[in-house]
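Only one structure is covered here, and it is reproduced in the block below.
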Amino acid sequence: MTGPDLTWGLDFDIQDNPGPDFIAALRAKFPTEREVDKILTRKLSHRAGPPYQRPSLPDMAGYLDAFLAHELGGADFRTSELRWFTGGVSKIQIGFTLDWQPPGNERRSDRLVLRMDPSEGSNATSRAREFELLGLVNGVIPVPGTFFLDAEGTWFPEPAMIYAFAPGVTKPRLTQTGKISGLGTDFGPEYRRLLAPQYIEHLARIHAMDVSGRSFGTLDVPETGTTQAAQWALNHALRTWEEDRGEDSPLMEVAASWLLRNLPALDVLSVVHGDYRSGNFLFDEDTGQINAWLDWERGHLGDRHRDLAWITLPTMGHYDRHGRYYVCGLVPLDEFFERYSEVSGLSVDTERLRYYQVLCCFVIIVSTMASNYRIARLGKSHQDILLTRVEGMVPVISRHLITLLRQTEND
Amino acid sequence: MIDHSENTLRAAIKALRFTVAPAVDPGDAQAVEQLRLTIDFLDFLRVRLYDLHARHRYELSHQINVAQALADDAKLVCDQADLRLQAALHTAEDVIRDEDAQTGDLRAASKVLWAAVRGTIRESRQAPDDVRRRIEASVVRMIDPLVTMESAWYLPFGFEPDPASVPGLGELFGRE
Numbered sequence: 001m002t003g004p005d006l007t008w009g010l011d012f013d014i015q016d017n018p019g020p021d022f023i024a025a026l027r028a029k030f031p032t033e034r035e036v037d038k039i040l041t042r043k044l045s046h047r048a049g050p051p052y053q054r055p056s057l058p059d060m061a062g063y064l065d066a067f068l069a070h071e072l073g074g075a076d077f078r079t080s081e082l083r084w085f086t087g088g089v090s091k092i093q094i095g096f097t098l099d100w101q102p103p104g105n106e107r108r109s110d111r112l113v114l115r116m117d118p119s120e121g122s123n124a125t126s127r128a129r130e131f132e133l134l135g136l137v138n139g140v141i142p143v144p145g146t147f148f149l150d151a152e153g154t155w156f157p158e159p160a161m162i163y164a165f166a167p168g169v170t171k172p173r174l175t176q177t178g179k180i181s182g183l184g185t186d187f188g189p190e191y192r193r194l195l196a197p198q199y200i201e202h203l204a205r206i207h208a209m210d211v212s213g214r215s216f217g218t219l220d221v222p223e224t225g226t227t228q229a230a231q232w233a234l235n236h237a238l239r240t241w242e243e244d245r246g247e248d249s250p251l252m253e254v255a256a257s258w259l260l261r262n263l264p265a266l267d268v269l270s271v272v273h274g275d276y277r278s279g280n281f282l283f284d285e286d287t288g289q290i291n292a293w294l295d296w297e298r299g300h301l302g303d304r305h306r307d308l309a310w311i312t313l314p315t316m317g318h319y320d321r322h323g324r325y326y327v328c329g330l331v332p333l334d335e336f337f338e339r340y341s342e343v344s345g346l347s348v349d350t351e352r353l354r355y356y357q358v359l360c361c362f363v364i365i366v367s368t369m370a371s372n373y374r375i376a377r378l379g380k381s382h383q384d385i386l387l388t389r390v391e392g393m394v395p396v397i398s399r400h401l402i403t404l405l406r407q408t409e410n411d
Numbered sequence: 001m002i003d004h005s006e007n008t009l010r011a012a013i014k015a016l017r018f019t020v021a022p023a024v025d026p027g028d029a030q031a032v033e034q035l036r037l038t039i040d041f042l043d044f045l046r047v048r049l050y051d052l053h054a055r056h057r058y059e060l061s062h063q064i065n066v067a068q069a070l071a072d073d074a075k076l077v078c079d080q081a082d083l084r085l086q087a088a089l090h091t092a093e094d095v096i097r098d099e100d101a102q103t104g105d106l107r108a109a110s111k112v113l114w115a116a117v118r119g120t121i122r123e124s125r126q127a128p129d130d131v132r133r134r135i136e137a138s139v140v141r142m143i144d145p146l147v148t149m150e151s152a153w154y155l156p157f158g159f160e161p162d163p164a165s166v167p168g169l170g171e172l173f174g175r176e
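Protein sequence lines correspond, in order, to chains A and B. According to this note's numbering, the first sequence is numbered sequentially starting from 1. According to this note's numbering, the second sequence is numbered sequentially starting from 1.
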């Protein structure tokens, strides 16, 4: 088998149409969770296919009706009020109403959301895993109830799931901040007062949730006391970097070297949301009550420090006019970790946090500089123009990465 | 006739803003958003258009600085790192010295040079600790001007938490 020359190779066009040898070489070099491996392999296997073309709403209604007819076994149902949702960077979403009669129940009407992958998204992730995670944390924190899953894209053009519509807003209607996917939202003092305690409480609950002894379909369980969790996460990022990038970055190479040398052991197994920030929760604008946590596509079982590092990155929060940084736009950074530990009963380990801070910078640069480039080059998503815009985050994250690496030069 | 690209971009933006936008279904939120982003990008390109060549010269010049800082240690990593880095450096230095070098030449030299740097860093993972540390420290130290330029380049996209701290492109490209 002849794989790519990952050390000295010059050809970045091979990723436009990767052959079986290329795919096999990356799978062998970067072993990761089974579901992640499956999704990344699917992504590359489909890459030479045509650019994404947005289906019409009538097309989607046809897919939806055929799928529901199969799922409901011929029971009477009717779909209506289909409409596109915007806001998500990486997934296609359609709202609709389902009038139906579940077996043994009275006739009912549900407002639902169809969430489907584009041909490629800025994160190649599993709808089946997202579906499983939503089911896992339902009742622990507010999340939409799950209804139906087309894990392989048998009925829709790509894998899709259907969950309950959750009412609410992602940011105060009057703010001008958070225009790109809710990043950097300024909630203002009143909403900060209402939302911050819930934000910390919900994070604490999923991190402290006991999942030992359970069996999962799409989630691999890393062993505590080993570096397995960090290794899987790092290999996921390294593999995606090789699959998608169209250029070199010495800074990323140095970061990768440091990450490979400093894998931390997992102390406590947690449910990790993966993108626990403004833009990914809905709240009632009148009461300030959080109604639902969305976008579990980066979710997994692993190290809580991955979430803690992600949400304290400079692009995720908001700086007030005095330069004070608010985690998720809600909690001052200098208070955040203490309040989190008080509520969760979990420690924040400086070394692990630093590791995941470097890894999170690496992951974001992979998404923005590598995956977004490849997707736009091949026209693979419904949001190519938005993905190219997000590439503007690269220098901000790079500068943070440089700061972190300077602090670790002796490691 | 002089190049009219910037003028044509103005016309394209006007067409999208005043002719196309009113015809877009306001209920199609994705179409409305993507039209706005497209207009934004064309305006960004209009402003940056005549800086593109200067950007590539700046990049290659600073990439050479990074590579030169690694050159002595590359000899201690392995023969291949030394040979490839030296070859790429010589080509890049020839290109940057050539004031008539075209944008494509600059890009090609950058690509080869950065690949040689990548290979050197990857090979250094098996090198003695002191060599590896010096290589990594050099990259982290020397990469700053490139990141600063990227910050200035993408400033209109609005991701910089402290925009006032970002120098202007004119200053970076030696026009001021």
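Glycine included, C-beta positions come from ideal geometry on N, C-alpha and C. Source: prediction; values computed, not measured.
How many whole angstroms separate the CB atoms of residue i and residue j, which I take to be in contact at a CB cut-off of 8 Å?
{"i": "Phe30 of chain A", "j": "Asn235 of chain A", "result": "4 Å"}
{"i": "Tyr58 of chain B", "j": "Leu172 of chain B", "result": "6 Å"}
{"i": "Val166 of chain B", "j": "Val131 of chain B", "result": "Actually they are not in contact, since the Cβ atoms of Val166 of chain B and Val131 of chain B sit about 35 Å apart, beyond 8 Å."}
{"i": "Arg129 of chain A", "j": "Glu243 of chain A", "result": "About 19 Å separates the two Cβ atoms, so there is no contact after all."}
{"i": "Glu120 of chain A", "j": "Ser381 of chain A", "result": "6 Å"}
{"i": "Ile311 of chain A", "j": "Pro142 of chain A", "result": "In fact, because the Cβ distance is near 18 Å, the residues do not count as touching under 8 Å."}
{"i": "Phe12 of chain A", "j": "Arg245 of chain A", "result": "7 Å"}
{"i": "Ile121 of chain B", "j": "Ile135 of chain B", "result": "6 Å"}
{"i": "Thr218 of chain A", "j": "Ser126 of chain A", "result": "6 Å"}
{"i": "Gly302 of chain A", "j": "Ala229 of chain A", "result": "4 Å"}
{"i": "Thr287 of chain A", "j": "Ile397 of chain A", "result": "Not quite, the Cβ-Cβ distance comes to about 35 Å (not below 8 Å), so this is no contact."}
{"i": "Tyr355 of chain A", "j": "Asn262 of chain A", "result": "6 Å"}
{"i": "Glu81 of chain A", "j": "Phe96 of chain A", "result": "6 Å"}
{"i": "Ile206 of chain A", "j": "Val113 of chain A", "result": "With a Cβ gap of about 21 Å, Ile206 of chain A and Val113 of chain A do not count as contacting."}
Would you mind telling me which residues of chain A sit closer than 8 Å to residue i, beta carbon to beta carbon, in chain order?
{"i": "Ile121 of chain B", "result": "Pro250, Glu253, Val254, Ser257"}
{"i": "Val140 of chain B", "result": "Leu251, Val254, Ile402, Leu405, Arg406, Glu409"}
{"i": "Leu37 of chain B", "result": "Ile385, Leu386, Arg389"}
{"i": "Asp144 of chain B", "result": "Ile402"}
{"i": "Ala115 of chain B", "result": "Trp8, Gly9, Leu10, Asp248"}
Among all the DSSP beta bridges, which residues are the ones paired with residue i?
{"i": "His300 of chain A", "result": "A:Val272"}
{"i": "Tyr356 of chain A", "result": "DSSP, once it has assigned bridges, lists no residue as partnering Tyr356 of chain A."}
{"i": "Gly95 of chain A", "result": "A:Arg83, A:Val113"}
{"i": "Val394 of chain A", "result": "Answer is none; Val394 of chain A lacks a bridge partner."}
{"i": "Tyr319 of chain A", "result": "A:Tyr325"}
{"i": "Asn138 of chain A", "result": "A:Ile141"}
{"i": "Thr403 of chain A", "result": "Answer is none; Thr403 of chain A lacks a bridge partner."}
Can you name the residues of chain B whose CB is closer than 8 Å to the CB of residue i?
{"i": "Tyr319 of chain A", "result": "Pro161, Asp162"}
{"i": "Val396 of chain A", "result": "Ser151, Phe159, Glu160, Pro161"}
List, in order along the chain, the chain B residues whose C-beta lies closer than 7 Å to that of residue i?
{"i": "Thr7 of chain A", "result": "Gly119, Arg122, Glu123"}
{"i": "Arg245 of chain A", "result": "Neighbours of Arg245 of chain A on chain B: none; closest Cβ ~10 Å, over 7 Å."}
{"i": "Thr240 of chain A", "result": "What Thr240 of chain A touches in chain B: nothing, since even the nearest Cβ is about 16 Å away."}
Could you list which residues in chain A have their beta carbon closer than 9 Å to that of residue i, in chain order?
{"i": "Asp130 of chain B", "result": "Ordered by position in chain A, no residue passes the 9 Å Cβ test against Asp130 of chain B, which lies about 12 Å from the chain."}
{"i": "Phe41 of chain B", "result": "Ile385, Thr388, Arg389"}
Chain A partners of residue i, CB-CB under 7 Å?
{"i": "Glu59 of chain B", "result": "Neighbours of Glu59 of chain B on chain A: none; closest Cβ ~11 Å, over 7 Å."}
Smallest Cα separation from residue i: which of the options?
{"i": "Ser122 of chain A", "options": "A:Phe187, A:Ile375, A:Ala256, A:Leu404", "result": "A:Ile375"}
{"i": "Gly213 of chain A", "options": "A:Asp307, A:Gln228, A:Leu269, A:Ala160", "result": "A:Leu269"}
{"i": "Glu6 of chain B", "options": "B:Glu33, B:Asp43, B:Ala87, B:Arg36", "result": "B:Asp43"}
{"i": "Asp281 of chain A", "options": "A:Leu183, A:Leu112, A:His318, A:Ala28", "result": "In the sequence as presented, Asp is not what sits at residue 281 of chain A; that position holds Phe. Per the Cα distances, A:Leu183."}
{"i": "Leu346 of chain A", "options": "A:Leu378, A:Val366, A:His305, A:Gly379", "result": "A:His305"}
{"i": "Gln198 of chain A", "options": "A:Thr41, A:Gln231, A:Pro50, A:Cys328", "result": "A:Cys328"}
{"i": "Gly317 of chain A", "options": "B:Gly170, B:Leu52, B:Pro161", "result": "B:Pro161"}
{"i": "Leu251 of chain A", "options": "B:Asp3, B:Arg46, B:Gly27, B:Gln63", "result": "B:Gln63"}
{"i": "Ile23 of chain A", "options": "A:Gly139, A:Gly3, A:Gly217", "result": "A:Gly3"}
{"i": "Ser371 of chain A", "options": "A:Ala25, A:Tyr355, A:Glu391", "result": "A:Glu391"}
{"i": "Gln126 of chain B", "options": "B:Ala74, B:Met149, B:Leu169", "result": "B:Ala74"}
{"i": "Cys79 of chain A", "options": "A:Phe85, A:Pro50, A:Ser109", "result": "In the sequence on display, residue 79 of chain A carries Thr and not Cys. Out of A:Phe85, A:Pro50, A:Ser109, A:Ser109 has the C-alpha closest to the C-alpha of Thr79 of chain A."}
{"i": "Ser367 of chain A", "options": "A:Asp248, A:Val394, A:Leu136, A:Trp84", "result": "A:Val394"}
{"i": "Arg118 of chain B", "options": "A:Val254, A:Ile200, A:Ala208", "result": "A:Val254"}
{"i": "Phe156 of chain A", "options": "A:Ser90, A:Asn105, A:Arg54", "result": "A:Arg54"}
{"i": "Trp293 of chain A", "options": "A:His300, A:Glu285, A:Asp307, A:Ser278", "result": "A:Ser278"}
{"i": "Pro50 of chain A", "options": "A:Asn17, A:Pro332, A:Leu134, A:Thr388", "result": "A:Asn17"}
{"i": "Gly188 of chain A", "options": "A:Arg377, A:Asp307, A:Ala233, A:Asp320", "result": "A:Asp320"}
{"i": "Leu146 of chain B", "options": "B:Ala23, B:Ile2, B:Val47, B:Val66", "result": "B:Val66"}
{"i": "Asp100 of chain B", "options": "B:Phe41, B:Trp153, B:Ala54", "result": "B:Ala54"}
{"i": "Asp220 of chain A", "options": "A:Val271, A:Gly153, A:Leu401, A:Leu72", "result": "A:Val271"}
Just to check, is the beta-carbon of residue i closer than 6 Å to a non-hydrogen atom of the ligand MG?
{"i": "Asp162 of chain B", "result": "Ligands displayed in this structure: none; no statement on the ligand MG is therefore possible."}
Counting only Cβ pairs nearer than 8 Å, list the residues of chain D close to residue i.
{"i": "Leu260 of chain A", "result": "You won't find chain D in this structure, because its protein chains are A and B."}
**Prompt:** Which of the residues in the region 79-103 of chain A, read from start to end, lie with their CB under 7 Å from any CB of chain B?
**Reply:** Trp84, Thr86
**Request:** Check distances from the C-beta atoms of the region 56-88 of chain B to those of chain A and list, in chain order, the residues that come in under 8 Å.
**Result:** Val66, Gln80, Arg84
**Selection of the region 275-302 of chain A by Cβ proximity to chain B, strictly under 7 Å** = none
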